[in-house]
Every structure is written in C-alpha cells, then in structure tokens.
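Protein chains in written order, with our numbering: chain C, 14 to 260; chain G, 14 to 260. C-beta: ideal position from N, C-alpha, C; glycine also. Because the structure is a prediction, the values reported are computed rather than measured. What follows is a single structure, written as structure tokens, with notes after it.
2 protein chains.
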Amino acid sequence: MPRHERDVRLATSTVIFALEPGVTPEGAERSASDRTSLWIPLVRRLREPGEGRWALPGGWLGAGEALDRAAARTLEETTGVTPRYLEQLYTFGDPDRSPDERVVSVVYWALVRPEETTGAIDDPNVRWFDADDLPDLAFDHNAIVEYALGRLRTKLGYSQIAHAFLGETFTIAELREVYETVLRVHLDPANFRRTVEASGALVETGEVRTGTRHRPPKLYRPAGPTDVGSAGPFRVPIAPHLRKSPS
Amino acid sequence: MPRHERDVRLATSTVIFALEPGVTPEGAERSASDRTSLWIPLVRRLREPGEGRWALPGGWLGAGEALDRAAARTLEETTGVTPRYLEQLYTFGDPDRSPDERVVSVVYWALVRPEETTGAIDDPNVRWFDADDLPDLAFDHNAIVEYALGRLRTKLGYSQIAHAFLGETFTIAELREVYETVLRVHLDPANFRRTVEASGALVETGEVRTGTRHRPPKLYRPAGPTDVGSAGPFRVPIAPHLRKSPS
DNA sequence: TCAAAAGTGTTGTACCTACACCCATGA
DNA sequence: TCATGGGTGTAGGTACAACACTTTTGA
C-alpha cells in the first residue's frame, strides 16, 4: 500500500465553448462560405511548466472554496468570461501529467452567449481558437478539450443546453444553427421546427425579429424556469446515419 | 482571491453494483415473488467522523498513484471485490462535506459479476444492501449512490455495460433480466430478442444452456473485444412512456 | 402430455424523412 | 416583382409495441 499522497495540489480548469458567427479571427473579412463555428478561449502560460504554450483557463482551489466556485472564479480572473452554464466534466489526475508536482485537476465545461464574451479580457495572452483546430496545448489539455467536445455534442442530443448559447429570446432558425454548428450536420428546417415545437421546450413570445430581408421569424423563449442543462424532452432530428450512440 | 488550499486531502470512493438473484439477505428463504435486484456493498466506519455509519468503500490517494488505480486498490482492500468495469463518476468537494478537514473525493462506479463477489471479504463490517433501500449513510454518500444509480440506468440505455453484470456467455433472457432489474421495467421477450440480435452486439456460441425445464436457450458472447462500456448500437426496447431523456 | 420458457410471425401505429409548396418581408 | 428564408402540408418508409403462435426441452 503506497503512502498517502499529501503533496497533491488541486486545481480547476474550464473548457469554455462559444459560438462565433462566421468570422475568422483577427478580424479577417467575411466570405459567403463562412459559417458559424465553435470557439474556445485559451490563456498563454507565463511560467514553467509549459511556458509559452496555450492552456485552459484555470487556477488553484481556494481554501474553503467549493469546486464549482473555484472554476467560475479562476475563469473570470483569467479570461473575464462569466458563463451561464457550468458543469463538471471530469477529473484528471495521472501522476505524470505535470512534471514537477502532483496536480489533480477538476475540469469543468461551460457555455457562454455571444454577449457574455464581450466582457472578455483584451490581452495578448488570452486568445480564442476554433475548437476543431487547436494548437498543441500544455499538459494533457488537448485530450481534455477533445473529451469536452464529445460531451457537448452528446448532451446536445438529450438536453436543453443549446439554449445556453443563445440570448433571452431567439428564433427557431437560430436554435437550429446551434445544433448544426456543434454537431456539424445539416438539419431540415421544416422537420427541426416541428420537432422542437412539439417538444414543448419553447414558448412563443408573440414578438418577431425584424430587419431581415425575408418574412420575419417568430421569437421564442425557453419554457420553464431557466433550468438549462436539465433534461430535454425532444430528440434532435439529425440524419439517421449520424444517430449513433455516444460513448 | 482566497488563499490556495494546501491542506486538502484527496480520496477515492466507489459505488459497486452487483446483481443478486432473488434472495433476501442473511440467507432468508426464497419465495416465488423474489426478483433479482441490485446490491451495493458498504463498509462500516470504524472511526469518526461518522463512526458506526455505513459508507462507500474507499481510501486515500497514494503517492504517485493514478486515480483509477487508487479506486481499484482501496476497493479491493476494503471489500475484496475486483470489478470488471470501473469508471469515474463525479468529484465531490464541497468544503463542509467532512467536518474536520477538507476532503475532495473522486468517486468511481463499478459493476461486478456474481462470481466476482464470492471473493468478497467476510466481515461484519462489510455488508451488501439493496440499492433502492439504503440506510442513512455517512457524509454525502446517499446522494452519491443516488447519482450513480441514475448514471447506471442512463448508460444502460446506450452502451454495452449490461454485459459486465454477466459471465463470459449468457442467454438473451439473462441479458434481458439485467435490463429489467436495473431499469425496473418489464420488457417484451420477443422484441428484446430481435432488437439485441439485430444490433450485432452478440454472437452465438453454438452452445445452449441445458438443465432448464424448458427448451434450452442459446448461449451468446459479446461481439468484439471485451470493450464493455463502449458505445452500443442498439436502443433498449423499453416502454415508450419510460423512454424519457436523462438529465 | 403438460408446463414453461425459447424463439418466430405478423399487424397496426407512431414517428420521422424528404420534399413540395405557400407566406411575408426588404430591396 | 423578385429573392430569401419562414413556415405548412403531405406521402412514403422505418421502427417498434403488442400479441398470437410454434418449438423444444424436463418432468
């Protein structure tokens, strides 16, 4: 029986997902082929180990601090982002994942709305990356993001978390775009509308969104108290050949 | 910003599930109404906090020890059970979940086959309980078991973990009994058979189980390398009104 | 030959995909 | 008036629940 580990340090990290409209970073021009995509913010490590590499935002657990509070706090301190959805993902604790000392990281994942990212810290050491095109990250963070992506895609299928990407009210087309972007599929607008409407997950606001160059779409609001993340009653209408089971 | 927590101790605990044939504990006689049920081993706490209460088996993380290794080791030490399926469940770390010191517990859940429980330690301080009828446990362990039960029931629906409850080969009726016991539903034998057979998750062994008082059922073996826990291609045929989404 | 569970056949229904078509607006 | 996406209608197909029925053994 090994001696007890007393020198372990506990940290929290967070994988933050946001939807960015079809723009390439650094303000490049938009083209017609630009599609909305999934972005995650990373912070540059300023000290060893992994100095100079990009890493998930995070930090040490505070004394007497709950795990989810630590995740929210370190996230806000490093990136200025305050997510509306935050959930524990997994705890990574392999003995050699950090070279010098034993670090166990409780990793969270978060979803933010576009508005919530505007308060983000403007710092060259904080940068947003396309979730499907990341550089080599510090530690085991590439694997962590991969795992979080899988969880996001899975959970989208049986819960209401898609709402967390959107504002107070939204159109069904906007909701559909969340699914299409995250799952990387094309959904039939007619069938998606019917499925979502029949689920009872949305209620009409009576308003419409104007300013488009076509028929103004109705605005909806999530039904029930804003319990994003809770069970959702509808199955996403995705192409049958993609409806395989998650791991 | 709170000072960093350096006095935190890391522990692992495990919720172990096993199927017990329709017997009540303490060797009570079997009646026709006895059904297979879900059982969990617990250990009695021999010191404060929570002395005398029943608790999940577990222990401290060893120096240089991976989290899953710690879970398997402490499990074996306290109960003598070596599960064939072990997966991380959740990390519980509320500051006040243990009175004296700050303890963060990485909780695992495990499935064992009947044979694997025979090596279990025979000790008055280790006892098996019906998963749906537990006493008041130490710490937040009642909530943890509840959470694990939900995860087990959910995961049964989209993976192959049911096999982990069974031996090398089994009949389709035995597999169905796993689903019926864990999900607490009745499944149509004919439809269950077709669904499972069509999924390709099982292959016939060519053998049959004899000794029954009826037509001898075919024996099957899981298809593919024993990757229990990996994605399963079939949906469990359960009653529609029960096929609600998980959380 | 009887009981009991294994295993097969069949039918109705609910849902879902695909796609045609109408609607309401901005330009 | 045209282009564009919002929104509705509908036919065909697939999957599955329900249940009748046949099969094969032990007693």
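Per-residue DSSP class, three states only, for residue i
{"i": "C:Phe105", "result": "strand"}
{"i": "C:Tyr121", "result": "strand"}
{"i": "C:Glu100", "result": "strand"}
{"i": "C:Ile29", "result": "strand"}
{"i": "C:Thr146", "result": "One point to set straight first is that residue 146 of chain C is Asp, not Thr, in the sequence displayed. Three-state DSSP puts C:Asp146 in coil, outside helix and strand."}
{"i": "G:Glu190", "result": "helix"}
{"i": "G:Val94", "result": "coil"}
{"i": "C:Leu232", "result": "strand"}
{"i": "C:Pro202", "result": "helix"}
{"i": "C:Ala24", "result": "strand"}
Rounded C-alpha distance that separates residue i from residue j
{"i": "C:Pro70", "j": "C:Val158", "result": "12 Å"}
{"i": "G:Glu89", "j": "G:Thr95", "result": "6 Å"}
{"i": "C:Trp73", "j": "C:Thr25", "result": "6 Å"}
{"i": "C:Gly77", "j": "G:Asp81", "result": "26 Å"}
{"i": "C:Gly65", "j": "C:Val56", "result": "9 Å"}
{"i": "C:Thr87", "j": "G:Lys231", "result": "57 Å"}
{"i": "C:Trp122", "j": "C:Glu33", "result": "17 Å"}
{"i": "C:Thr104", "j": "C:Val119", "result": "4 Å"}
{"i": "C:Tyr98", "j": "G:His227", "result": "55 Å"}
{"i": "G:Gly163", "j": "G:Ala84", "result": "20 Å"}
{"i": "G:Arg197", "j": "G:Val209", "result": "19 Å"}
{"i": "G:Leu51", "j": "C:Leu59", "result": "51 Å"}
{"i": "G:Ile53", "j": "G:Phe183", "result": "23 Å"}
{"i": "G:Thr223", "j": "G:Val117", "result": "50 Å"}
{"i": "C:Glu100", "j": "G:Arg140", "result": "34 Å"}
{"i": "G:Pro108", "j": "G:Tyr233", "result": "48 Å"}
{"i": "G:Gly93", "j": "G:Thr27", "result": "13 Å"}
Closer than 9 Å at the beta carbon, the chain C residues around residue i
{"i": "G:Asp71", "result": "Contrary to the premise, residue 71 of chain G reads as Gly rather than Asp in this sequence. The contacting residues do not exist; G:Gly71 stays about 13 Å from chain C at best."}
{"i": "G:Leu124", "result": "Chain C residues near G:Leu124: none, gap ~16 Å exceeds 9 Å."}
{"i": "G:Leu55", "result": "Simply none; closest approach about 21 Å."}
{"i": "G:Leu215", "result": "Within chain C, no residue comes near G:Leu215; the closest Cβ sits about 16 Å away, beyond 9 Å."}
CB contact below 7 Å: residue i versus chain C
{"i": "G:Ala79", "result": "yes"}
{"i": "G:Asp136", "result": "no"}
{"i": "G:Ser26", "result": "no"}
For residue i, the nearest candidate out of the options (CA to CA)
{"i": "C:Leu124", "options": "C:Leu232, C:Ser111, C:Val191", "result": "C:Val191"}
{"i": "G:Pro229", "options": "G:Phe30, G:Pro235, G:Asp107, G:Gly219", "result": "G:Gly219"}
{"i": "G:Arg166", "options": "G:Thr184, G:Pro148, G:Thr194", "result": "G:Thr194"}
{"i": "G:Gly213", "options": "G:Asp135, G:Ile185, G:Arg226", "result": "G:Ile185"}
{"i": "C:Leu169", "options": "C:His154, C:Arg189, C:Leu150, C:Ala151", "result": "C:Arg189"}
{"i": "G:Leu179", "options": "G:Gly224, G:Glu61, G:Leu215", "result": "G:Leu215"}
{"i": "C:Pro62", "options": "C:Leu51, C:Tyr103, C:Asp113", "result": "C:Asp113"}
{"i": "C:Ile174", "options": "C:Asp149, C:Glu217, C:Ala31, C:Thr27", "result": "C:Ala31"}
{"i": "C:Asp153", "options": "C:Asn204, C:Thr92, C:Arg60, C:Ala68", "result": "C:Ala68"}
{"i": "C:Pro145", "options": "C:His227, C:Asn155, C:Asn138, C:Tyr171", "result": "Sequence check: residue 145 of chain C is Asp here, not Pro. Closest option to C:Asp145, Cα to Cα, is C:Asn155."}
{"i": "G:Ser172", "options": "G:Trp141, G:Ala236, G:Asp149, G:Gly224", "result": "G:Ala236"}
{"i": "G:Pro127", "options": "G:Arg22, G:Asp20, G:Ile29", "result": "G:Ile29"}
{"i": "C:Ser111", "options": "C:Val21, C:Phe205, C:Glu129", "result": "C:Val21"}
Residue-level contact to chain G via CB, residue i, 7 Å cutoff
{"i": "C:Pro62", "result": "no"}
{"i": "C:Val119", "result": "yes"}
{"i": "C:Gly163", "result": "no"}
{"i": "C:Leu23", "result": "yes"}
{"i": "C:Pro112", "result": "no"}
{"i": "C:Pro235", "result": "no"}
{"i": "C:Asp107", "result": "yes"}
{"i": "C:Ile29", "result": "no"}
Neighbour list for residue i in chain G, Cβ cutoff strictly below 8 Å
{"i": "C:Thr104", "result": "Leu80, Gln101, Thr104, Val119"}
Residue i: contacting residues in chain G (beta-carbon distance under 7 Å)
{"i": "C:Asp145", "result": "Under the 7 Å cutoff, chain G gives no residues; its nearest Cβ is about 21 Å from C:Asp145."}
Cross-chain neighbours of residue i in chain C, by beta carbon under 8 Å
{"i": "G:Leu200", "result": "Chain C residues near G:Leu200: none, gap ~19 Å exceeds 8 Å."}
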